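Undergrad: Residue numbers (UniProt numbering), protein chains in the order written: chain V, 1 to 353; chain F, 1 to 353.
The structure is given below, and queries will be raised subsequently.
2 protein chains.
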Amino acid sequence: MPTTLKDVALRAGVSIKTVSNVIHGQVYVTDEKRERVEEALKELNYQPNLSARYLRKGRVGVIGLAIPELLNPYFAEVSNTVILAAGRQAYTVLVDTTGGERANERIVINGWRPQLLDGVILSPLALEQEDLQPGLVETPVVLLGERFLDVPHDHVAIDNVAAAYEATYHLLRLGYRRIAAIGLRIDVPDETETSKLRLRGYLQALQEVGISSDKQLITTTEAFYDRESGYSAIRRLFADGVVVDAIFCFNDLMALGAIRALYDMGLRVPEDVAVIGFDDIEEGRYAFPSLTTISPDKKLIGETAVDFLLGRIEGTRDVPPERVYIPFRLIERESTMGRAWGGERRDVLKDHA
Amino acid sequence: MPTTLKDVALRAGVSIKTVSNVIHGQVYVTDEKRERVEEALKELNYQPNLSARYLRKGRVGVIGLAIPELLNPYFAEVSNTVILAAGRQAYTVLVDTTGGERANERIVINGWRPQLLDGVILSPLALEQEDLQPGLVETPVVLLGERFLDVPHDHVAIDNVAAAYEATYHLLRLGYRRIAAIGLRIDVPDETETSKLRLRGYLQALQEVGISSDKQLITTTEAFYDRESGYSAIRRLFADGVVVDAIFCFNDLMALGAIRALYDMGLRVPEDVAVIGFDDIEEGRYAFPSLTTISPDKKLIGETAVDFLLGRIEGTRDVPPERVYIPFRLIERESTMGRAWGGERRDVLKDHA
């Protein structure tokens, strides 16, 4: 028979409610009663839940992770690295989904359930500068992602302009010159929003090799970069008669949808059209063809965010808020391997050699 | 300027702490002060967080969803249906991951953080009958998944034996007779554990058409059914020289890993080997070839679990705990479409026609 709260209450000579209050630490209990309860808990070898461990520290041992959605494997993979990193320091992570909605993100950044969570890691999609209400609640917050929000929180990002430049330049280097860019969002005007940074990198690479950009090659999508977005963007592009020899999708899910759309139109990847993604989700490694992509160091993203947040929670980190950039690398796989370095279109690089 | 707690405190003539206590509802505040604070909140159009709405009802408006892991899209998709269903009733869902570990699942089912969550939906992988400690904490719990645990909680399941029978029978009907089964777990002895139910359905279908089972065709895997499990199971099977013309994987992720392994060995799907999965994750619809699978009604799973849980939380559901079976259907896609109905191997069905 496991020890119950009642056993503990009888031993300590207090009410069950008091035992519960001591264990859960949300309500004031006198020191004297608290000591009696804690002694009884120990004598009876009661298995406390996680909260109890954090009683004395005034912490619940739980951090929140607010992501736009669970269906995008990129967020699931980053969440997993956060859960593992937090777990190593005995913190539990509860995942909240914002739906990428500004109102929900605003709630998180302005102090979401401070009595339930010691701190929050937030990956915003729609948040704007003015959404920050300074000083309302003091819950520590760490931001993930690429927006250039000027907020008083630590921020773990990757350099989207540089990453998109590298993806596009890789295609140019292989000889492609009609490169479509899939994923520009027009619902958020902010010029530091992720898709605009990625477009900037794409345009810089074109410019570098002297190709002028063609508006027809740039397609817009909704906030959620899912397989269907990529699929339908490609169908629209081809229905409009746009000539394309390579496609840079702003994430892997759209790239996988794009590849399926190309197959359904009788086109081969990479023989007819090369495709490159962004995120390096596991699915792209097993897909056929496997997907060339930009791989942010997700493990380091999760570990850094957790280190920063726990440092703020436990008071060991007292430097001013920082923005750090996590490295990424390009991983070449089958979806762009149809052409050898250079080939017939090497000429686009001639000024660059 | 947004309204701050300080504004509210000044207007109500109380301390900021008291305002916070009213909003967060965890600490007792006198009725008189509470009314003054609530009036001030209203006058100043303060945007309360969700907790406030549930103050009077003694609920926090948050339910927990404990799943084994985020990396398996099946759990992510079911979680999404839970989040949508709960959201329609103004409940927030926080997702906790158990890692499929019995100790973590035991904590959840025995009442996990009752002061933080109004109830919990748990999808267990390793829980055993004796893990239930009756009556320790009264948090409502709904179980998801297929285990036949005899516990005093509502339970939303699918009929795994019937579903696996249907998957296997589909392959038999198409003329395949060397059908591998991928995914038997040997780490949990319990005969009602999911993989053993699926194996039972597989064996029943073989028996029905008079094919004796071949132990060589049944491969074991770890608890997590990921792409790598499917990939390596197929490599092992072929390394052992086992002759196979079709593969039934106990989930889609393993099936997608299996397809990639077959390609890497120079085999075509479905021309050389047919593959069928289980779960109907979105990835299988866009994969090449697209994946034939068993599709449980995930939307109904999420909605039913939420209905049951909120019914218990709000006291509107007072029938004894029930187990309900959610329907599933077989969805035929490219990965099994290589052969016409019957064909040369129709003979396996002759006793059954």
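Every residue gets a Cβ at the ideal spot worked out from N, C-alpha and C, and that includes glycine.
Small disclaimer: the values here were computed from a predicted structure and weren't measured.
What does the Cβ neighbour count give for V:S20, buried or exposed, with the cut at 16 atoms within 10 Å?
TA: Buried, by the Cβ-count rule.
Undergrad: Against chain F, with Cβ distances strictly below 8 Å, would V:T221 count as a contact?
TA: By this cut-off, V:T221 is not an interface position.
Undergrad: Identify every residue that forms a DSSP beta bridge with F:G119.
TA: Answer is F:I63.
Undergrad: Within 8 Å, do at least three Cβ pairs link the stretch 200–209 of chain V to the stretch 159–173 of chain V?
TA: Yes: at least three Cβ pairs fall under 8 Å.
Undergrad: Could you tell me if F:E105 is buried or exposed, where buried requires 16 or more neighbouring beta carbons within 10 angstroms of its beta carbon?
TA: F:E105 comes out buried.
Undergrad: Below 7 Å on C-beta distance, what does V:A76 contact in chain F?
TA: Under the 7 Å cutoff, chain F gives L70, L71 and A76.
Undergrad: Check the Cβ-Cβ distances between F:N80 and every residue of chain V, and say whether any is below 8 Å.
TA: Taking Cβ atoms only, chain V reaches closer than 8 Å to F:N80, which makes this a yes.
Undergrad: Can you name, in chain order, every residue of its own chain whose Cβ lies under 7 Å from the Cβ of V:M337, other than the five neighbours on each side?
TA: Cβ within range, chain order: P270.
Undergrad: At a CB-CB cut-off below 7 Å, which residues of chain V make contact with F:E283?
TA: Here the neighbours are E283.
Undergrad: Hey, out of F:D131, F:A126, F:Q89 and F:P140, whose CA is closest to F:R147's CA?
TA: If we check each option's Cα against that of F:R147, F:A126 comes out closest.
Undergrad: So with Cβ pairs under 8 Å, would you call V:V95 a contact of chain F?
TA: Yes, its Cβ sits closer than 8 Å to a Cβ of chain F.
Undergrad: What does F:R260 reach in chain V if we use C-beta pairs closer than 7 Å?
TA: Result: Y286 and F288.
Undergrad: Can you list the residues of chain V that F:G257 reaches, using a CB-CB cut of under 7 Å?
TA: Those within 7 Å of F:G257 in chain V are Y286.
Undergrad: Relative to the alpha-carbon of F:V142, which residue among F:G64, F:Y169 and F:E128 has its alpha-carbon at the smallest distance?
TA: Considering only alpha carbons, the answer is F:G64.
Undergrad: Residues in its own chain within less than 7 Å of F:N160 by CB, not counting five upstream and five downstream?
TA: E146, T194, L197, R198 and G201.
Undergrad: Following the continuous alpha helix (DSSP H) through V:F248, name the residue where it begins and the one where it ends.
TA: Taken as a continuous stretch (DSSP letters only), V:F248 belongs to no alpha helix (DSSP H), being part of the beta strand (DSSP E) at A246 to C249.
Undergrad: Apart from the five residues just before and just after V:K6, which ones in its own chain have a Cβ nearer than 7 Å to its Cβ?
TA: Here the set comprises I16.
Undergrad: Going by other Cβ atoms of all chains shown within 10 Å of its Cβ, with 16 needed for buried, is F:K215 buried or exposed?
TA: Exposed, since its Cβ has fewer than 16 Cβ neighbours within 10 Å.
Undergrad: If you drop the 5 nearest sequence neighbours on each side, which residues of the same chain put their C-beta closer than 6 Å to that of V:E322?
TA: Excluding sequence neighbours, V:E322 sits near D154.
Undergrad: By how many angstroms is the C-alpha of V:V188 removed from the C-alpha of V:L144?
TA: So the alpha carbons of these two residues sit roughly 18 Å apart.
Undergrad: Apply the 10 Å Cβ neighbour rule to F:R34 and answer buried if 16 or more other Cβ atoms are within range, or exposed otherwise.
TA: Buried.
Undergrad: Can you check DSSP and say which residues form a bridge with F:I331?
TA: According to DSSP, which records beta bridges pairwise, F:I331 is partnered with F:T293.
Undergrad: Where F:Y169 and F:F278 are concerned, what is the direct C-alpha to C-alpha distance, given to the nearest angstrom?
TA: Computed Cα separation, rounded: 14 Å.
Undergrad: Who are the Cβ neighbours of V:T219 in its own chain at under 8 Å, not counting the five residues just before and after it?
TA: These residues qualify, in order along the chain: A180, A181, I182, G183, L184, A233, R236 and L237.
Undergrad: Could you spell out where the beta strand (DSSP E) holding F:A180 opens and where it closes?
TA: Looking at the DSSP string, the run of the beta strand (DSSP E) that includes F:A180 is I179 to L184.
Undergrad: For F:L117, I'd like the list of residues in its chain whose CB is within less than 8 Å of its CB, leaving aside the five on either flank, ordered along the chain.
TA: Cβ neighbours of F:L117 beyond the five flanking positions: V60, V62, I63, G64, L94 and T139.
Undergrad: Can you say whether F:A86 is buried or exposed, counting buried as having 16 or more other CB atoms within 10 angstroms of its CB?
TA: Flag for F:A86 reads buried.
Undergrad: Establish whether the CB of F:I83 and some CB of chain V are separated by less than 8 Å.
TA: Answer yes: the Cβ-Cβ gap between F:I83 and chain V drops below 8 Å somewhere.
Undergrad: Three or more C-beta pairs closer than 8 Å, one from the stretch 244–252 of chain F and one from the stretch 308–328 of chain F: is that the case here?
TA: At 8 Å Cβ cutoff, the stretches do not touch.
Undergrad: Of the choices V:A255, V:G266 and V:Y231, whose alpha-carbon is the least far from that of V:G284?
TA: Answer by Cα proximity: V:A255.
Undergrad: Can you find a CB in chain F that lies within less than 8 Å of the CB of V:L125?
TA: So no, V:L125 is outside the interface.
Undergrad: State yes or no: is the beta carbon of V:A52 nearer than 8 Å to at least one beta carbon in chain F?
TA: The predicted position of V:A52 is uncertain, since its pLDDT is 45 and thus under 50; a value taken from the coordinates is nonetheless stated next. It does not: the Cβ of V:A52 has no partner Cβ on chain F nearer than 8 Å.
Undergrad: From V:I281 to F:L171, what distance separates their C-alpha atoms?
TA: Distance between the alpha carbons of V:I281 and F:L171 is about 31 Å.
Undergrad: How big is the Cα-Cα spacing for F:A287 and V:L262?
TA: Cα-Cα distance, rounded: 12 Å.
Undergrad: Does the Cβ-Cβ distance between F:P73 and F:T97 come in under 8 Å?
TA: In this structure, F:T97 does not lie closer than 8 Å to F:P73 by Cβ.
Undergrad: Taking its Cβ as the centre, do 16 or more other Cβ atoms sit within 10 Å of V:R268, making it buried, or is it exposed?
TA: Exposed, because fewer than 16 other Cβ atoms sit within 10 Å of the Cβ of V:R268.
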